[in-house]
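J.: I have a structure here, written as C-alpha cells, and I will follow up with some questions on it.
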Amino acid sequence: MRALALVVVLALAACTSQRAAPPQADVIVIGAGIAGLAAALEASAGGARVVVIDSNSVGGGHAVLAGGFSLVGTPLQEKRGYRDDPELAIRDILAWGGDADPYWVRRYVEASRPEVHDWLAARGVEFVMILPSAEDSVPRFHFTRGAAVTAVLPVLRDALADERISFLFNHEVTTLLRDGHTVGGVVARDLRSGRQLSLRAPAVVIATGGFESNDELVREHWPADRAVPAPLYVGSGEFATGSGLRLATQAGAALARLDRQLVYVTGMPNPRDPSGRRGLLVQNPAAIMVDGGGRRFINEDAPSKDIESLVLSRKPPTYWLVFDAAGRRQLMVRGGPWLDRRTIDGEIMGNPALVSRGDDLASLAAATGLPAAALGATVARYNGFVQGGRDEDFGRFGATAGGRLPPALGEPPYYAIKLYPMTRKSMGGIAIDHDARALDAGHRPIPGLYAAGEATGVAGINGSHGGSGTFLGPSLLLGRIAGRTAAAEVLPAGQSAATGPLPPVPPADSHPPEALADRLAQVEPGYWHFTQVHRLVQERALACGSCHDATWPAGPAQTRAQQQAQLASCTRCH
Numbered sequence: 001m002r003a004l005a006l007v008v009v010l011a012l013a014a015c016t017s018q019r020a021a022p023p024q025a026d027v028i029v030i031g032a033g034i035a036g037l038a039a040a041l042e043a044s045a046g047g048a049r050v051v052v053i054d055s056n057s058v059g060g061g062h063a064v065l066a067g068g069f070s071l072v073g074t075p076l077q078e079k080r081g082y083r084d085d086p087e088l089a090i091r092d093i094l095a096w097g098g099d100a101d102p103y104w105v106r107r108y109v110e111a112s113r114p115e116v117h118d119w120l121a122a123r124g125v126e127f128v129m130i131l132p133s134a135e136d137s138v139p140r141f142h143f144t145r146g147a148a149v150t151a152v153l154p155v156l157r158d159a160l161a162d163e164r165i166s167f168l169f170n171h172e173v174t175t176l177l178r179d180g181h182t183v184g185g186v187v188a189r190d191l192r193s194g195r196q197l198s199l200r201a202p203a204v205v206i207a208t209g210g211f212e213s214n215d216e217l218v219r220e221h222w223p224a225d226r227a228v229p230a231p232l233y234v235g236s237g238e239f240a241t242g243s244g245l246r247l248a249t250q251a252g253a254a255l256a257r258l259d260r261q262l263v264y265v266t267g268m269p270n271p272r273d274p275s276g277r278r279g280l281l282v283q284n285p286a287a288i289m290v291d292g293g294g295r296r297f298i299n300e301d302a303p304s305k306d307i308e309s310l311v312l313s314r315k316p317p318t319y320w321l322v323f324d325a326a327g328r329r330q331l332m333v334r335g336g337p338w339l340d341r342r343t344i345d346g347e348i349m350g351n352p353a354l355v356s357r358g359d360d361l362a363s364l365a366a367a368t369g370l371p372a373a374a375l376g377a378t379v380a381r382y383n384g385f386v387q388g389g390r391d392e393d394f395g396r397f398g399a400t401a402g403g404r405l406p407p408a409l410g411e412p413p414y415y416a417i418k419l420y421p422m423t424r425k426s427m428g429g430i431a432i433d434h435d436a437r438a439l440d441a442g443h444r445p446i447p448g449l450y451a452a453g454e455a456t457g458v459a460g461i462n463g464s465h466g467g468s469g470t471f472l473g474p475s476l477l478l479g480r481i482a483g484r485t486a487a488a489e490v491l492p493a494g495q496s497a498a499t500g501p502l503p504p505v506p507p508a509d510s511h512p513p514e515a516l517a518d519r520l521a522q523v524e525p526g527y528w529h530f531t532q533v534h535r536l537v538q539e540r541a542l543a544c545g546s547c548h549d550a551t552w553p554a555g556p557a558q559t560r561a562q563q564q565a566q567l568a569s570c571t572r573c574h
C-alpha cells in the first residue's frame, strides 16, 4: 500500500508540475500550408507567441501545388469589365455545390475581397489573370504570375520574418496534450532523429490539410451510393494523410462530410512512383473521350462535375483520351515537379505502357484493344461534326454551345491514353463553429482547439462538388479566423503568457555534394523534400550555386535568414 501511495503522490506531483510549467507558446499551429501560415500571422498580430509545426522541411504545404483563388469584386475584375456582386456569387456557389454550407459560402464571398485579396495584395501578391469557370456567371478564378506558389511565398516570407513566430519543421504531432476536456499543447516527434518533445500552449490550431493521400480513409468514407473504383490513384499532396483528423478525434472533436471527396477522372499512373499508387493529372482540349467500345459518351467540354459524376457511375470508371499529332502539342500533364516538355515527351509519350500510338486509327485500335471499326467510325463522325460546325451528339460545339471550334483529328500519328479516377481534395473534415473552434459531437466548442483549411473540408463551402479557387481562398480565410479567435481567447489583455523556452532543435545532417547520390537512393524519414529537390538537381545538372549562396551555404536552412534565402529557390521546381 505504501508503494502504491508513493506512486500516486509522484503521479500527482508530476501532473501538478506539468500544469504549473509555463507554456512555450500562446498558440501552436499544426501545419505550415496557407491556412496554417495565415493562422500564425493572424495570431501574432493579436500579440501571441506562435509555434508552427510541420512534417515537411519547408513551409507552404499543398498550396504550392494549387492553381488560383475565387475572388469577388476585385480591382482586376473591374479592370476587365466584369461586373460582379456578392449575391450573384453566393447563388453560383450554392447552385454548383448542391449542399454547400450557406453560412460559410456567404462569409467567404463577403470576405474574399478585404480578407483574402487585399490581405495578399498588402504582401505584394499581384493578380494578373482571371479565367472563366463553369460554375461562375462572372469570371472569378484569379491567378498570380505563375502557379499559386507565387501567392504562398510572400505569406511564408512574412511568417519567417515575424519574431513572434517560430517553426519546427520535420516534426510530426503525435498527440494533443489535454487537461480534462481542454487542449493545452502537443507531443511531437522529430522525423529525422526520432526524438520526442512536448510543447505547451493554451491554444492549438489544426491546419494539416486533407486526407486524400490516405487510401484507408478515402475508402472508409467513400460515398455509400458509389462503388470504390479500382484502380484509384492518389493525386493529392504527400502529407495529405488526415493526421489532423486523428488528432482532433483524440480530443473528442466531431467530423463532418467526410464522404464529400473531390475525385478527378483524369488520372494516369505516375511512372516515377515506385509504389504504383500515385497518379498524374492529364488534360488535352484537342482530344475526344471514348469508352471501351470506342465510342464517345459525353461532351468533352462539359462542366467538370458532370464528367466526374458520369465517369464514376460507369463500370468500369475509365475511358480513353484520343488525339492526333496536332493535338499532342496541347497535351498537359501535371502532378510532379519533374514534369517538363522533355520528360513528358520521353517518360510519358514515349512509354507504351502509358500511351498507345498508331500511324493510323486501325493500328491505334490494335494497340489499345479498342474495336477498330467503332473507333474509326467515331473519329469520322466527330470530324464531320467539326467540319459542319456543330456537335450533333453531345453539343460540344455549335450555335448553342458557343466557344471556339476544336480541331478535327486527322494528322497522324494518333495517340490514346487510358485515364482513371484519382483522389484530389477533401470537402469534409473537422467540425467547426463560426469562429473556427473545433466542435464535439454535441456541437460544443472544445476548449483550446481550433481548425482551419482543408482539415475542415474548408467548412463545407464546396458542398458535394469542388469549385475553381474555392479551396485556396477559403483555406486562407479560415486560417485567419482561427488564428484571430485563438489569440483573442488566450490573450484577453493582448499580453503573451508564453515564457517557457522552446526546446533546441538538433542540427540536421549535411550532405556534401560527393555523397549526394548515395543519400538520394532512398527517401529517409524527414528528408522527403530534400530528396525530391536534389534528385531534380542531379537530373538537371544544376550547380549548387543555383540555389545556395553566402546567405545560405550548402547545408540545412536552420536560421531565419537561411530559411528566407531558401525561398528564392522554390520557383525552380514549382
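For the sequence shown, position 32 (counting from the first letter as 1) is numbered 32 according to this note's numbering, and the numbering increases by one without interruption. All C-beta atoms in this analysis are idealised placements derived from N, C-alpha and C, irrespective of residue type, glycine included. Since the structure is predicted, the reported quantities are computational estimates derived from the model, not experimental observations.
Extract the residue ranges of the alpha helix (DSSP H) inside the region 130-218, only unbroken runs of 4 or more that lie entirely within it.
T.: For the region 130-218, whole alpha helix (DSSP H) runs of length 4 or above, ordered along the chain, are 149-161.
J.: What residues are listed by DSSP as bridge partners for R329?
T.: Position 329 of the sequence shown, counting from 1, holds the residue named residue 329. In DSSP, R329 forms no bridge with anything.
J.: For L405, which residues in the same chain have their Cβ closer than 8 Å to its Cβ, ignoring the five residues on either side in sequence?
T.: As a working mapping, residue 405 is identified with position 405 in the sequence shown. Cβ within range, chain order: V386, G389, F397.
J.: Classify H142: buried if its beta carbon has 16 or more other beta carbons within 10 angstroms, exposed otherwise.
T.: Here the question's residue 142 lines up with position 142 in the sequence shown. Label assigned to H142: buried.
J.: When you compare only the Cα positions, how much space is there between N170 and A111?
T.: As a first step, residue 170 must be located in the sequence shown, where it is residue number 170. As a first step, residue 111 must be located in the sequence shown, where it is residue number 111. If I take the Cα positions, the gap works out to 33 Å.
J.: Return the CA-CA distance between G194 and T174, expressed in angstroms with no decimal places.
T.: Position 194 of the sequence shown holds residue 194. Position 174 of the sequence shown holds residue 174. Their Cα atoms are separated by approximately 12 Å.
J.: Identify, in the order they occur along the chain, each residue of the same chain with its Cβ nearer than 6 Å to the Cβ of M349, setting aside the five sequence neighbours on each side.
T.: The residue you call residue 349 lines up with position 349 of the sequence shown. Cβ within range, chain order: V355.
J.: Return the residue from the list L160, V27, G180, L478 that minimises the CA-CA distance to R560.
T.: Reading the sequence shown from its first residue, position 560 is the one you call residue 560. Among L160, V27, G180, L478, the Cα nearest to that of R560 belongs to L160.
J.: Between M426 and the rest of its own chain, which residues show a CB-CB distance below 7 Å, the 5 nearest in sequence each way excluded?
T.: Along the sequence shown, one-based indexing puts residue 426 at 426. In the sequence as presented, Met is not what sits at residue 426; that position holds Ser. If we look at S426 and ignore the five residues flanking it on each side, its Cβ neighbours are G210, F211, E212, Q261, E454, G457.
J.: What's the gap between the Cα of T343 and the Cα of R540?
T.: One-based indexing of the sequence shown puts residue 343 at position 343. One-based indexing of the sequence shown puts residue 540 at position 540. Cα to Cα, the separation comes out at about 11 Å.
J.: Compare the C-alpha of R140 against each of A253, P75, L449 and name the closest.
T.: Counting from 1 along the sequence shown, the entry for residue 140 is found at position 140. Considering only alpha carbons, the answer is P75.
J.: Between which two residues does the beta strand (DSSP E) carrying W222 extend?
T.: Counting from 1 along the sequence shown, the entry for residue 222 is found at position 222. Premise fails: W222 is in no beta strand (DSSP E) and is neither H nor E.
J.: To the nearest angstrom, how far is it from the Cα of G293 to the Cα of P102?
T.: Here residue 293 corresponds to residue number 293 of the sequence shown, with the count starting at 1. Here residue 102 corresponds to residue number 102 of the sequence shown, with the count starting at 1. If I take the Cα positions, the gap works out to 42 Å.
J.: Taking DSSP as the reference, what is the three-state secondary structure of G545?
T.: Along the sequence shown, one-based indexing puts residue 545 at 545. In this structure, G545 counts as helix in the three-state DSSP scheme.
J.: Less than 7 Å between C-beta atoms, sequence neighbours within five positions excluded: which residues of the same chain meet that for A488?
T.: Taking the sequence shown and counting its residues from 1, one reaches residue 488 at position 488. Around A488: G46.
J.: Go ahead and pull the three-state DSSP assignment for A365.
T.: Counting from 1 along the sequence shown, the entry for residue 365 is found at position 365. Correct three-state label for A365: helix.
J.: Whose C-beta lies closer than 7 Å to the C-beta of L217 among residues of the same chain, with five residues either side of it excluded?
T.: Here residue 217 corresponds to residue number 217 of the sequence shown, with the count starting at 1. If we look at L217 and ignore the five residues flanking it on each side, its Cβ neighbours are F211, G242.
J.: Would you list the residues sitting across from Y264 in a DSSP beta bridge?
T.: For the purposes of this step, residue 264 is taken as residue 264 along the sequence shown, with counting starting at 1. Note: Y264 sits in a beta bridge opposite M422.
J.: So, at 6 Å on beta carbons, what are the nonlocal neighbours of H529 in its own chain, with the 5 sequence-adjacent residues on each side left out?
T.: Locating residue 529 in the sequence shown gives position 529, counting from the first residue. Same-chain partners within the cutoff: N56, S57, V58.
J.: Could you please give the first and the last residue of the uninterrupted alpha helix (DSSP H) stretch that includes Q532?
T.: Residue mapping note: residue 532 aligns to position 532 of the sequence shown, counting from 1. Looking at the DSSP string, the run of the alpha helix (DSSP H) that includes Q532 is 528-539.
J.: Can you give me the Cβ contacts of L491 inside the same chain, cut-off strictly under 8 Å, excluding the 5 residues immediately before and after it?
T.: Indexing the sequence shown from 1 puts residue 491 at position 491. For L491, where only same-chain residues beyond five positions count, the Cβ hits under 8 Å are D26, G46, G47, A48, A497.
J.: Buried or exposed for M422, please, with buried defined as at least 16 other CB atoms from any protein chain shown within 10 angstroms of its CB.
T.: The residue given as residue 422 occupies position 422 in the sequence shown. So M422 counts as buried.
J.: What does the Cβ neighbour count give for D84, buried or exposed, with the cut at 16 atoms within 10 Å?
T.: Position 84 of the sequence shown, counting from 1, holds the residue named residue 84. The residue in question, D84, is buried, as its Cβ has 16 or more Cβ neighbours within 10 Å.
J.: Per the DSSP calculation, R271 is bridged to which residue(s)?
T.: Position 271 of the sequence shown, counting from 1, holds the residue named residue 271. Looking at the sequence shown, residue 271 is not Arg but Pro. Its beta-bridge partners do not exist; DSSP assigns none.
J.: If the criterion is Cβ atoms closer than 8 Å, does the pair R378 and S70 meet it?
T.: Start at 1 with the first residue of the sequence shown, and residue 378 comes out as number 378. Start at 1 with the first residue of the sequence shown, and residue 70 comes out as number 70. Reading the sequence as shown, one finds Thr at residue 378 and not Arg. Against a cut-off of 8 Å, the Cβ pair of S70 and T378 comes out as no contact.
J.: Starting from the Cα of T571, find the closest Cα among S475, T499, T150, G335 and give me that residue.
T.: The count along the sequence shown starts at 1 and reaches residue 571 at position 571. Selected option, being the one with the closest Cα: T150.
J.: What do you reckon, are the CB atoms on M414 and V537 nearer than 8 Å?
T.: Counted from its first residue, the sequence shown places residue 414 at position 414. Counted from its first residue, the sequence shown places residue 537 at position 537. Note on residue identity: the sequence assigns Tyr, not Met, to residue 414. In this structure, V537 does not lie closer than 8 Å to Y414 by Cβ.
J.: At a cut of 8 Å, does the region 60-67 reach the region 76-96 through at least three beta carbon pairs?
T.: The region 60-67, when compared against the region 76-96, does not touch it at the 8 Å Cβ threshold.
J.: Once the 5 residues before and after R106 are set aside, which same chain residues still bring their CB inside 8 Å of it?
T.: Within the sequence shown, residue 106 is the residue found at index 106, counting from 1. The answer, listed in chain order, is P86, I90.
J.: Out of A253, A374, P285, which has the shortest C-alpha to C-alpha gap to R296?
T.: For the purposes of this step, residue 296 is identified with residue 296 of the sequence shown, where counting begins at 1. Of the candidates A253, A374, P285, the one whose C-alpha sits nearest the C-alpha of R296 is A374.
J.: Quick check: A203 and Y450, are their CB atoms within less than 8 Å of each other?
T.: One-based indexing of the sequence shown puts residue 203 at position 203. One-based indexing of the sequence shown puts residue 450 at position 450. Yes, the pair counts as a contact, with Cβ atoms nearer than the cut-off.
J.: Closer than 8 Å is the cut-off here; do at least three beta carbon pairs connect the region 330-343 with the region 271-286?
T.: Contact between the region 330-343 and the region 271-286 is present, because at least three Cβ pairs lie under 8 Å.
J.: Whole angstroms is fine: what's the gap from R328's alpha carbon to R272's?
T.: Counted from its first residue, the sequence shown places residue 328 at position 328. Counted from its first residue, the sequence shown places residue 272 at position 272. Between R328 and R272, the C-alpha separation is close to 21 Å.
J.: When the distance is taken between beta carbons, is G460 closer than 8 Å to A100?
T.: On the sequence shown, residue 100 is found 100 positions in, with the first residue counted as 1. On the sequence shown, residue 460 is found 460 positions in, with the first residue counted as 1. Closer than 8 Å, so yes.
J.: DSSP state of L439, grouped into three classes?
T.: One-based indexing of the sequence shown puts residue 439 at position 439. Reduced to three states, the DSSP call for L439 is strand.
J.: State buried or exposed for D549, treating a residue as buried only when at least 16 other CB atoms are found within 10 Å of its CB.
T.: What you label residue 549 is simply residue 549 of the sequence shown in a count that begins at 1. Classification of D549: exposed, given that the 10 Å Cβ count is below 16.
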